[in-house]
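Following: one structure in structure tokens, then a few remarks.
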Amino acid sequence: MSTPPPSPPGGFGPASPAYGQQPPQPPYAQPQFPQHGAPYGQQPPYPAGPGGPAPWDAAYGAPPPPRRSTGKVLGIVGAVVGAGVLVVAGLAVLGAGSDSGFPEAKYRMTVPDTLVDGTYKLTQDISDTTGKEVVEENKSRANVRDPKAVVAQYAGRGKDASSALVVSGMYGRFKSPAKARADLMDGAAEGEGATVAVPARDITPKGSDLTLRCQVLTSSQGGTTSNVPLCAWADENTGAAVGVVTAETATQDPEDVDLEQVARTTVKVREEMREPIG
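To convert, note that position 16 of the sequence shown is 16 in the numbering used here; the numbers rise steadily by one, no gaps.
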């Protein structure tokens, strides 16, 4: 009579699934970001090919140990990464225009190994894969010139280990920064299963001259409802939406989500990702 294999060490869940596979069911439902259609006329996200990245709407990361909130956050974050297609396409398709009137390229965006003074550690950068594909599909109709996508996911460290941050955007030469900010928020709100819980509004954090557009969405997927707080910036050369997900913000009353704090974090992200060219 054979002996069954030993169980994993106490407290740990099953091993991480391979890319493209459905992750094992955690001990509670993982909320998902709303599935987006194509409000800007672009094609739906491409499925991953052999050896390629997981589809944009896949949930990333292994199931967490029981009785912890990390899995809930990862479920939301994986789906927020999926929303990056919409963010990038939204910046790329702001309306047809001539080559005249575009600003000079003075700044670009980078994907550093850590963000917000080391609070978040890079876990995934798909800027040169799916992000690039979306830019290529849409740039012929763009009101942006020389576009390059930036889509990255970060995990919290230390006392912030149950939190995560997602950046989805683009750099190039933008003709209408204010419109880009609004389009980022409007487009995210059009996703299937999404409801605007706290309407988008402009926020200028104290001590900053940067105007952000911020909102809170609620996402209902599989009977689970969760909050997705977002802030977006756009200037003449860079634009991105930043989602900051924590166990607290995912489940609290949407009106209690501190968008001012999300805005301050977004300003810090911009400071650390945006750099002069040359």
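A virtual CB, placed ideally from N, CA and C, is assigned to each residue, including glycine.
Helix, strand or coil at residue i [DSSP, three-state]
| i | result |
| --- | --- |
| residue 201 | strand |
| residue 275 | strand |
| residue 239 | strand |
| residue 24 | Reliability fails at residue 24, whose pLDDT of 43 lies under 50, so the model's placement of it is uncertain and the value that follows must be treated cautiously. Residue 24 falls in the coil class under three-state DSSP. |
| residue 250 | helix |
| residue 67 | Interpretation of residue 67 is limited by its pLDDT of 37, a score under 50 that renders its predicted location unreliable; the figure taken from the coordinates is listed afterwards. Coil, per DSSP. |
| residue 265 | helix |
| residue 119 | coil |
| residue 234 | strand |
| residue 258 | coil |
| residue 188 | helix |
| residue 161 | coil |
| residue 130 | helix |
| residue 50 | Its pLDDT being 29, under 50, residue 50 is placed unreliably by the model, and nothing is read from it. |
| residue 100 | coil |
Pair within 9 angstroms by beta-carbon distance, residue i and residue j
| i | j | result |
| --- | --- | --- |
| residue 277 | residue 173 | no |
| residue 262 | residue 230 | yes |
| residue 200 | residue 218 | no |
| residue 257 | residue 249 | yes |
| residue 153 | residue 128 | no |
| residue 251 | residue 220 | no |
| residue 188 | residue 215 | yes |
| residue 179 | residue 101 | no |
| residue 272 | residue 106 | no |
| residue 110 | residue 275 | yes |
| residue 205 | residue 260 | yes |
Nonlocal neighbours in the same chain, by C-beta distance under 7 angstroms from residue i, ignoring five residues either side
| i | result |
| --- | --- |
| residue 233 | 181, 210, 212, 239, 240, 266, 270 |
| residue 264 | 205 |
| residue 255 | 198 |
Beta bridge counterpart(s) of residue i as assigned by DSSP
| i | result |
| --- | --- |
| residue 125 | 152 |
| residue 109 | 274 |
| residue 216 | 198, 229 |
| residue 144 | 174 |
| residue 169 | 150, 240 |
| residue 211 | Bridge partners of residue 211: none, in fact. |
| residue 135 | None, per the DSSP bridge assignment. |
Sequence-distant residues of its chain with Cβ nearer than 6 angstroms to residue i (five each side left out)
| i | result |
| --- | --- |
| residue 155 | 121, 123, 164 |
| residue 157 | 121 |
| residue 208 | 267 |
| residue 203 | 212, 214, 263 |
Own chain, CB closer than 8 angstroms to residue i, minus 5 neighbours either side, in chain order
| i | result |
| --- | --- |
| residue 103 | 173, 174, 175, 236, 237 |
| residue 279 | Absent from the structure is residue 279, since the part of the chain shown begins at 1 and ends at 278. |
| residue 112 | 122, 272, 273 |
- Query: Within the chosen definition, does the segment 147 to 165 reach the segment 117 to 127 through at least 3 CB pairs nearer than 8 angstroms?
  - Reply: The way I'd put it, the segment 147 to 165 does touch the segment 117 to 127; three or more beta-carbon pairs between them come closer than 8 angstroms.
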